Amino acid sequence: SMSQIAQGSSFLSSGLTKQLVLDSLPDVLLVLDEVIDDGIIMEVDEDKITARVKMIDETEVTNAVQAEQMFQKATQSARQKLLGSLMGSRG
């Protein structure tokens, strides 16, 4: 159902069956409508498609992903510097 998509869960998580597609047909059609334009696939990025289906600004999703990546890089860099300083103080 649409509430499952809005909560981030997908009808594909439990495996795809014909019955499941038929039961979720409105959701399937909504996703296809957001992905395809005049028979041409316009989008394949899962985060962007999810944002469109949830009606969230795609730039917010992109910014959130970029912020998470920057945070991970900063954390990794800090960890390496800390380990380097601890290893250097032993020598």
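Residues in the sequence shown are numbered from 131 upward in steps of one, following our numbering. No residue lacks a Cβ here, since even glycine has one placed at the ideal position from N, Cα and C. Note that the structure is predicted; figures quoted are calculated from it, not measured.
Hey, could you find the ends of the alpha helix (DSSP H) L150 is sitting in? Working through the sequence shown from its first residue, we reach residue 150 at position 20. From DSSP, the alpha helix (DSSP H) with L150 extends over K148 to D153.
Any idea what DSSP makes of D168, helix, strand or coil? For this step, residue 168 is matched to residue 38 along the sequence shown. Coil.
Span of the alpha helix (DSSP H) around D177: For the purposes of this step, residue 177 is taken as residue 47 along the sequence shown, with counting starting at 1. Per DSSP, D177 belongs to the alpha helix (DSSP H) from E176 to K184.
Do you know how far the Cα of V165 is from the Cα of E176? Locating residue 176 in the sequence shown gives position 46, counting from the first residue. Locating residue 165 in the sequence shown gives position 35, counting from the first residue. Whole-angstrom Cα-Cα distance: 10 Å.
Counted within 10 angstroms of its Cβ, other Cβ atoms place A181 as buried (16 or more) or exposed: Taking the sequence shown and counting its residues from 1, the one referred to as residue 181 is at position 51. So A181 counts as buried.
Excluding the five sequence neighbours on either side, which residues of its own chain have a C-beta within less than 7 Å of the C-beta of Q196, listed in chain order? By 1-based counting over the sequence shown, the position of residue 196 is 66. The answer is none, since no qualifying residue turns up.
Is V183 closer than 8 Å to L160 when the C-beta atoms are compared? Taking the sequence shown and counting its residues from 1, the one referred to as residue 160 is at position 30. Taking the sequence shown and counting its residues from 1, the one referred to as residue 183 is at position 53. Going by C-beta atoms, L160 is nearer than 8 Å to V183.
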